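Numbering (the numbering used here), first residue to last: 47 to 188.
Yeah, the Cβ is synthetic: ideal placement off N, Cα and C, and Gly gets one too.
In this text, all values refer to a predicted model and were calculated from it rather than measured experimentally.
Here is the structure we will look at, set down as structure tokens.
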Amino acid sequence: MKSQKEIWRVILAVAMVVVGVLHFAVPVPFVRIVPPQLPYPLELVYISGFFEILGGIGLLVPPVSRAAAWGLIALFIAVFPANINQAVNSIPIEGIPHIPILYWIRLPFQAVFIAWAWLYTPPNEGNQQASIIPNLPKLSKD
Numbered sequence: 047m048k049s050q051k052e053i054w055r056v057i058l059a060v061a062m063v064v065v066g067v068l069h070f071a072v073p074v075p076f077v078r079i080v081p082p083q084l085p086y087p088l089e090l091v092y093i094s095g096f097f098e099i100l101g102g103i104g105l106l107v108p109p110v111s112r113a114a115a116w117g118l119i120a121l122f123i124a125v126f127p128a129n130i131n132q133a134v135n136s137i138p139i140e141g142i143p144h145i146p147i148l149y150w151i152r153l154p155f156q157a158v159f160i161a162w163a164w165l166y167t168p169p170n171e172g173n174q175q176a177s178i179i180p181n182l183p184k185l186s187k188d
């Protein structure tokens with residue numbers, strides 16, 4: 047049975063892939079919250095979506111999972127201005143109830159996402175990590 051930490055790794059990975067795909071499938075809500083000072087909002091949404099997908103998949107690939115976790119931390123920091131912009135300007139998202147206080151409550155949760163990814167930054171401990179790559183036999187150096 048997988049440890050709780052590994053179950054949470056898979057949950058974070060799947061969530062990142064799903065949210066990343068949404069950046070391509072329905073980019074308009076994400077474009078709306080990009081701060082107006084930043085150029086090329088649609089392109090920034092696509093770039094962040096790409097890195098969300100890449101980070102989510104990377105969390106499940108042992109040789110790169112540590113780098114993926116650090117990349118997700120950087121991504122969570124990079125997109126934080128969009129979350130602030132949404133809260134400050136009370137920008138509604140279609141299909142989600144417009145409750146402005148929730149935009150403010152969401153801001154501290156960015157630290158939770160950073161901490162969640164941080165759990166996966168230490169060097170891997172053996173092969174106990176959840177993975178999309180099967181455990182292959184090690185090659186002999188003989």
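Mapping the DSSP letters down to three states, classify residue i as helix, strand or coil.
i	result
L165	coil
G14	Because the chain is modelled from 47 through 188, residue 14 falls outside the range shown and cannot be assessed.
Q194	Any question about residue 194 goes unanswered here, given that the chain covers just 47 to 188.
L84	coil
S111	helix
P73	coil
V125	coil
L105	helix
S94	helix
Alpha carbon to alpha carbon, how far is residue i from residue j?
i	j	result
W164	A157	10 Å
P168	A113	10 Å
A61	E140	20 Å
L118	I137	24 Å
A59	I147	28 Å
F126	A120	10 Å
P81	V107	33 Å
I103	V77	24 Å
W116	Q132	25 Å
H144	N129	15 Å
F155	V65	16 Å
L105	I123	18 Å
P109	S94	22 Å
V134	Y149	8 Å
I53	V63	16 Å
Taking buried to mean at least 16 other C-beta atoms within 10 Å of its own C-beta, is residue i buried or exposed?
i	result
E98	buried
S111	buried
H69	buried
I151	exposed
Y86	exposed
S49	exposed
L153	exposed
F96	exposed
I142	exposed
The ligand SAM and residue i: does the residue's C-beta get closer than 8 Å to at least one heavy atom of that ligand?
i	result
H69	As for the ligand SAM, it is missing from this structure, which has no ligand bound.
Assuming the contact rule is C-beta atoms closer than 8 Å, residue i and residue j should be a hit. Round their C-beta distance to whole Å, please.
i	j	result
P73	L88	6 Å
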